[in-house]
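In the working numbering, the protein residues as written are 6 to 302. All C-beta atoms, glycine included, are put in the ideal place defined by N, C-alpha and C. Working notes for the structure below.
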Amino acid sequence: MKKIFIIAAAAFTLATTANAQQKADKIYGPQKGAWSLSVGLNPVSDYLGNLFNGKTDNKLENLNGEPVAYDEKNTPLTTISGKYMFTDKWGLKANIGMSFRNETARTYVKDDLAAMQDPFSNKKVIDEQKTKSSGASFALGAEYRLTSNKRRLQSYIDFGLVWAFETESMDYKYGNQITELNQVPTTSSLGGYQYVSSAIPNARKISDNADRTMYHNFGVWGAIGIEYFVSRSISLGAEMNLSALYTYKGDHSTKYEGYNVHTQQVEEYVDVKEPSSSAFEFGTKNIGANISLTFYF
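Structure below.
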């Protein structure tokens with residue numbers, strides 16, 4: 006009986022030691038030669054901040070590969086980045102993102118021709134505004150792991166370079182046409198009229214950013230984050246980031262159409278409303294955050 010007890014105790018000790026050794030040798034996520042793909046999960050704040058002139062619905066700006074909107078503080082729901090580990094501690098991180106938006110806004114206005122023929126007419130026509138934008142961002146940087154890859158909870162720092170750009174234009178179509186008899190037709194607030202000259206006292210927009218203004222942003226970014234590994238190759242992460250950016254904005258021009266009282270024809274006119282401009286930004290307002298799901302291979 007005593008021998009059996011000794012043998013059982015020895016077997017238990019060996020099993021416990023082997024199990025402890027196995028746990029000690031267990032590696033979570035990053036190690037030399039590994040690579041990963043990360044998917045952003047509902048980013049909670051902007052990453053680059055103030056990149057492109059845009060509308061409130063552009064929602065594009067986060068480290069994980071996304072084009073961005075100037076003075077825009079929202080992020081896309083899903084973004085993607087990749088990483089390759091040269092050692093257990095150091096890795097190369099790359100982000101790329103693209104965006105395309107095509108939005109059409111329509112509104113009813115009085116049908117001037119029908120009203121001329123019948124003052125009591127309730128007929129309406131449609132004015133239309135089409136907004137098109139496209140852009141991309143590219144980020145390249147390094148990552149350094151602050152903690153051991155044998156722990157489920159790990160921390161890291163990132164830093165690197167980023168470039169982003171975007172183009173945007175708006176086109177207008179009107180239900181009531183400009184004619185000699187109707188030189189200032191009823192037009193919605195989508196376009197509106199503007200004084201051009203004594204020859205064209207009333208002109209309405211037919212395109213905004215006629216030559217498709219381009220916004221460029223160049224800068225550096227840094228981030229600190231944590232990852233919790235739900236398995237050896239899958240982690241949930243959160244990070245805070247900060248950027249310093251140089252922004253360049255191209256000319257902004259608008260094309261109008263109106264009736265020229267001298268030539269008695271409908272003519273187009275291009276007005277350069279804003280010259281090119283640039284800015285440099287660095288500060289706490291460029292602080293952002295991101296939540297991600299990462300898969301290691």
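- It is roughly 5 Å from the alpha-carbon of residue 86 to the alpha-carbon of residue 100.
- Annotated as proximal: residue 188 and residue 207, with beta-carbon spacing under 8 Å.
- Annotated three-state conformation of residue 116 is coil, per DSSP.
- Per the Cβ contact rule, the segment 151-164 is not in contact with the segment 188-201 (fewer than 3 Cβ pairs under 8 Å).
- Look at the beta carbons and you see the segment 231-245 not touching the segment 255-269: under three pairs across the two are nearer than 8 Å.
- Contact annotation: residue 88 and residue 41 have beta-carbon atoms nearer than 8 Å.
- Residue pairing of residue 121 in beta bridges, as defined by DSSP: absent, with no partner found.
- For residue 160, DSSP records a beta bridge to 231.
- Looking from the CA of residue 95, the closest CA among 279, 177, 236 and 162 belongs to 162.
- Assignment of residue 32 by DSSP, reduced to helix, strand and coil, places it in the coil class.
- 254 is the residue among 119, 146, 254 and 121 whose C-alpha sits nearest the C-alpha of residue 283.
- Boundaries of the beta strand (DSSP E) harbouring residue 257: 257-265, taken from the DSSP string.
- With 16 or more other CB atoms across the displayed protein chains lying within 10 angstroms of its CB, residue 98 is buried.
- As computed with DSSP, residue 150 is found in a beta bridge with 161.
- With a cutoff of 8 Å on beta-carbon distance, residue 225 and residue 151 are scored as not near each other.
- Under the three-state reduction of DSSP output, residue 38 falls in the coil class, being neither helix nor strand.
- For residue 232, the CB contacts under 6 Å within the same chain, skipping 5 residues up- and downstream, are 159, 240 and 242 in chain order.
- A Cβ-Cβ contact shorter than 8 Å links residue 256 with residue 277.
- For residue 239, the enclosing beta strand (DSSP E) has its first and last residue at 239-254.
- A straight line joining the alpha-carbon of residue 136 with that of residue 120 spans about 30 Å.
- Minimum Cα-Cα distance from residue 146 among the listed residues 185, 219, 90 and 296 corresponds to 90.
- Nearest in C-alpha terms to residue 228, of all of 221, 220, 210 and 248, is 248.
- Taking C-alpha positions only, residue 299 is separated from residue 44 by approximately 6 Å.
- For residue 196 against residue 116, the beta-carbon gap comes to about 17 Å, at or over 8 Å, which does not count as contact.
- A direct Cα-to-Cα measurement between residue 139 and residue 219 gives close to 10 Å.
- Taking residue 37 as reference, the option from 153, 122, 102 and 108 with the minimal CA-CA separation is 153.
- Per DSSP, residue 91 lies in no beta strand (DSSP E) and is assigned neither H nor E.
- In this structure, the beta-carbon distance from residue 105 to residue 168 does not fall below 8 Å.
- The shortest C-alpha to C-alpha distance from residue 287 to any of 209, 92, 268 and 252 is the one to 252.
- In this structure residue 210 touches residue 177 by the C-beta definition: roughly 5 Å separates them, less than 8 Å.
- Per the coordinates, the alpha-carbon of residue 123 lies some 33 Å from the alpha-carbon of residue 202.
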